[in-house]
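First up is the structure itself, then whatever we jot down about it.
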Amino acid sequence: MEVPILKQGAVLIATFQAALSDADLNQLRMGLVQQVVKFRSRAVIVDVTAMDVMDSFASRTLREIAHMIRLRGAETVIVGIQPEVAFAMVQLGLTLEGVATALDLEEGLAYLNEKFKTAN
Amino acid sequence: MSAGEIRVSINSDQDIVSARQKGRMMASELGFSPGDATLIATAISELARNIVSYARKGQITLKMVNSLNRQGILVVAADDGPGIADIRQALRDGFSTSGSLGLGLPGVRRLMDEFEINSEPGRGTIVTVKKWKL
């Protein structure tokens, strides 16, 4: 299942529609990096509200996405990690170190607005 | 196949998703909380991922279990892959031979209540885990 990527001004928003396979996650990683370049985006929000499980592969891929996008000079915010999913991630020993997270899409956008405001 | 038992063949990354979804469904049917169902689904995801990464194909079996007055779920991940030479090392946090995070097995052990592994080089791996309903 492909993840749709919406462009909203300088921000790209990728919203998971359902549980993703490894191939879907890899495809998302390529798609996001390409579109950040194409649209000269300043930030990416990845909404994982619909992600049923965040295992080692999914966490690593999200971290890679954030790091690749940072190398382009843009920001990434992961939003919508469900409480049960967060609990399982901690038990599993997975972290999203160095990656910004926010409660939901709204909070993610607010975080970016604040960040861009202070940067200007 | 007895009642209350589900087998999922693991051959691709898509099967990882289907195995954990079936596991979550069974856990919910057994009355596990959504939180515990997510822990079980996450453990299944890691076990299925190990099969795909190391053995390419194998099988996950999900089964309802009873013990005394407790009810739980049993997950068996079996493959005929290369097996694990040093199980102790594989159970240590941070160990990996496939370029993954290497948190798989120790993490799965933390997510579940009971954990057992049988493996020999060249003879495949069987990981058996259980979680009991509170």
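Top line first, the protein sequences correspond to chains A and B. Following numbering that gives the first Met the number 0, the residues of the first sequence are numbered contiguously, the last one being 119. Following numbering that gives the first Met the number 0, the residues of the second sequence are numbered contiguously, the last one being 133. Ideal Cβ positions, reconstructed from N, Cα and C, are used throughout, including at glycine.
The C-beta of valine 74 of chain B comes no closer than 7 Å to any C-beta of chain A. Under the Cβ criterion of 7 Å, valine 98 of chain A is not counted among the residues facing chain B.
Short of 7 Å from the beta carbon of valine 128 of chain B, and not among the five residues preceding or following it, lie these beta carbons of its own chain, in chain order: Ala42, Val74, Val107, Met111, Glu113, Phe114. B:Gly82 is the residue among B:Ser32, B:Asn10, B:Gly82 whose C-alpha sits nearest the C-alpha of arginine 122 of chain B. Between alanine 18 of chain A and alanine 89 of chain B, the alpha-carbon positions lie close to 28 Å from each other. In the DSSP annotation of this structure, the continuous segment of the alpha helix (DSSP H) that includes alanine 36 of chain B starts and ends at 33-49. When only Cα atoms are considered, leucine 91 of chain A and glycine 79 of chain A end up about 19 Å apart. Isoleucine 68 of chain A is positioned such that its CB atom lies closer than 7 Å to that of valine 35 of chain A. Counting only Cβ-Cβ distances below 9 Å, glutamate 28 of chain B has no contacts in chain A at all, with the closest Cβ about 16 Å away.
The beta carbons of alanine 40 of chain B and arginine 19 of chain B sit closer together than 7 Å. If you check the CB distance, serine 40 of chain A and alanine 73 of chain A come in under 7 Å. A distance below 8 Å between beta-carbons, with the five flanking residues on each side excluded, links arginine 71 of chain A to the following residues of its chain, in chain order: Val32, Val35, Val36. Burial is judged here by how many other beta carbons sit within 10 angstroms of a residue's own beta carbon; glutamate 83 of chain A has at least 16 and is buried. Interface annotation, alanine 85 of chain A: not in contact with chain B, CB-CB separation never under 7 Å. Shown here, glycine 30 of chain A sits in a helix according to DSSP, grouped into three states. Contact annotation: in the stretch 16-50 of chain A, residues whose CB is within less than 8 Å of a CB in chain B are Ala18, Leu19, Ser20, Asp21, Ala22. Fully enclosed alpha helix (DSSP H) runs of no fewer than 4 residues occupy 86-89 of the stretch 53-108 of chain B, in order along the chain. For leucine 133 of chain B, there is no enclosing beta strand (DSSP E), as DSSP marks it with neither H nor E. The stretch 27-81 of chain A is shown to contain whole alpha helix (DSSP H) runs of 4 or more residues at 55-70, in chain order. Interface criterion not met: the Cβ of valine 89 of chain A is under 7 Å from no Cβ in chain B.
Among the residues facing chain B, valine 2 of chain A is not included, as its CB has no counterpart in that chain under 7 Å away. Using a Cβ distance threshold of 7 Å, leucine 27 of chain A and valine 2 of chain A count as a contacting pair. Within the stretch 24-57 of chain B, the residues whose Cβ lies closer than 7 Å to any Cβ of chain A are, in chain order, Pro33, Gly34, Thr37, Leu38, Ala40, Thr41, Ser44, Glu45, Arg48.
Less than 7 Å divides the Cβ of glycine 3 of chain B from the Cβ of methionine 63 of chain B. The beta carbon of alanine 49 of chain A sits closer than 7 Å to those of Phe15, Gln16, Ala17, all from its chain and outside the five residues before and after it, given in chain order. Residue nearest to aspartate 78 of chain B within the set B:Ile116, B:Gln70, B:Ile72 is B:Ile116 (criterion: CA-CA distance).
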